[in-house]
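Residue numbers (our numbering), protein chains in the order written: chain U, 1 to 202; chain C, 203 to 404. Comments concern the structure below.
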């Protein structure tokens with residue numbers, strides 16, 4: 001990260017410095033340990049300015065990742081409703097986001113995470129702190145089992161994104177969303193709430 | 203591709219020219235349509251030399267992709283045995299290959315396929331012509347359903363590779379193989395041979 005001194009030429013420049021400092025902090029020490037105060041210090045600005053531009057630490061994190069979605073809004077939406085249909089709603093949500101104009105940014109993020117260890121770290125932090133913790137709270141999943149269940153869900157959802165949007169393997173690449181929901185929902189449901197013999201002692 | 207004329211300085215150079223021509227042909231027109239004769243012509247060598255260096259078209263394809271494995275050997279191994287345990291054997295095989303020293307090359311290939319449309323095409327050709335056709339023949343899957351079943355298997359297997367080896371999301375990144383087999387085998391089995399209501403008319 002390039003540090004600058006002296007008067008800032010404009011808001012865009014300041015914002016960019018804050019975003020760079022935030023990306024570094026989140027990737028290096030993780031979302032929980034990174035503080036707005038430390039990020040502000042690294043960007044050589046007042047913490048109040050970070051709050052002014054980006055609001056909460058969570059919103060700063062989403063901005064620093066160029067996230068096309070806000071999980072704070074989407075996850076509770078997807079998870080609300082019968083527990084035994086959470087898998088269906090989650091797969092449908094993923095397809096809705098990735099099939100939308102925001103999908104291009106999501107593909108770019110996945111490509112970047114695959115080619116760059118640093119973005120991969122940000123994406124792990126994103127998955128764990130923004131997506132999974134929320135889903136787990138809403139679904140009331142056993143805390144000890146939650147990380148495993150969440151990572152298993154990530155294998156199916158990540159693989160769907162990889163095959164449909166990046167590798168574009170047919171017929172999954174152009175299948176109607178409802179067919180993919182029908183195929184994948186039972187998998188995601190099992191990972192979220194099902195018995196997993198051989199994984200957890202039962 | 204750079205075409206050269208005149209005497210070839212050595213075998214390595216000739217081999218590289220053939221591999222470049224093969225990559226171009228497989229990515230541009232696909233495995234089935236690419237002929238050894240056309241690849242030899244593009245590399246300005248005699249077709250007999252291609253056979254001499256690489257054997258069959260299939261072996262040339264694997265060499266052009268730097269594939270760390272030979273599906274012609276591995277897939278029949280994995281698929282032999284009770285049909286209702288094919289999912290288990292396939293997940294176990296994938297983990298065995300990727301957890302082995304060959305896994306590094308497999309990760310490199312996946313990274314490359316994600317960042318490069320050209321390698322993505324090669325990987326699609328590889329999945330379809332080398333892996334899936336074989337698996338489908340051994341398992342005696344309905345030809346009309348096979349492409350969909352194969353692509354669904356790819357979502358789960360590709361996602362496992364992505365999460366375990368590239369994004370390294372814990373606890374999947376360091377879970378013992380047998381736990382992942384226990385978790386994922388029922389999914390792969392359902393995609394291979396299960397009823398898929400909402401996907402196929404039943």
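Ideal placement from N, C-alpha and C gives every residue a C-beta, glycine not left out.
Handout entry: residue 152 (chain U), enclosing alpha helix (DSSP H) - first and last residue
Key = 146 to 161
Handout entry: residue 165 (chain U) vs residue 98 (chain U) beta-carbon contact at 8 Å
Key = yes
Exercise for the section: Kindly provide the ranges of any alpha helix (DSSP H) runs that are 4 or more residues long and lie completely inside the segment 302 to 343 of chain C, ordered along the chain. Expected result: 305 to 317, 319 to 327, 335 to 341
Handout entry: Inter-residue CB distance, residue 149 (chain U) and residue 141 (chain U) (contact presumed, cutoff 8 Å)
Key = 6 Å
Practice task
For residue 85 (chain U), collect the residues of the same chain with a Cβ closer than 7 Å to its Cβ; drop the 5 residues on either side in sequence, then sort them by chain order.
Solution key: none
Practice task
Could you work out which residues of chain U lie near residue 403 (chain C), taking near to mean beta carbons separated by less than 9 Å?
Solution key: By Cβ distance, chain U contributes nothing, its closest Cβ being about 11 Å from residue 403 (chain C), past 9 Å.
Practice task
Answer yes or no: does any C-beta atom of chain C fall closer than 8 Å to that of residue 35 (chain U)?
Solution key: no
Handout entry: Collapsed DSSP secondary structure at residue 388 (chain C) in the structure displayed
Key = helix
Exercise for the section: Could you tell me whether the Cβ of residue 279 (chain C) comes closer than 8 Å to any Cβ of chain U? Expected result: no
Practice task
May I ask which residues mark the beginning and end of the alpha helix (DSSP H) holding residue 76 (chain U)?
Solution key: 71 to 79
Problem - Where the segment 58 to 82 of chain U meets chain C: residues whose CB sits under 7 Å from a CB there - result: none
Problem - Proximity below 8 Å, CB of residue 311 (chain C) to CB of residue 267 (chain C) - result: yes
Problem - Nonlocal neighbours in the same chain, by C-beta distance under 6 Å from residue 129 (chain U), ignoring five residues either side - result: 31
Practice task
Using a Cβ-Cβ cut-off of 8 Å, state whether residue 152 (chain U) counts as contacting chain C.
Solution key: yes
Practice task
Kindly confirm or deny that the segment 169 to 189 of chain U and the segment 85 to 95 of chain U touch, where touching means at least three C-beta pairs closer than 8 Å.
Solution key: yes
Problem - Listed by chain order, chain U residues near residue 296 (chain C) by CB distance under 8 Å - result: Going along chain U, no residue has its Cβ under 8 Å from residue 296 (chain C), so there is no contact; the nearest lies around 12 Å.
Practice task
State the CB to CB distance for the pair residue 63 (chain U) and residue 19 (chain U), rounded to an integer number of angstroms; the pair is presumed to be in contact (CB under 8 Å).
Solution key: 6 Å
Practice task
Please classify residue 176 (chain U): does DSSP put it in a helix, a strand, or coil?
Solution key: coil
Exercise for the section: Using the Cα positions of residue 260 (chain C) and residue 275 (chain C), report the straight-line distance between them to the nearest angstrom. Expected result: 12 Å
Problem - Inter-residue spacing [alpha-carbon to alpha-carbon] between residue 355 (chain C) and residue 390 (chain C) - result: 6 Å
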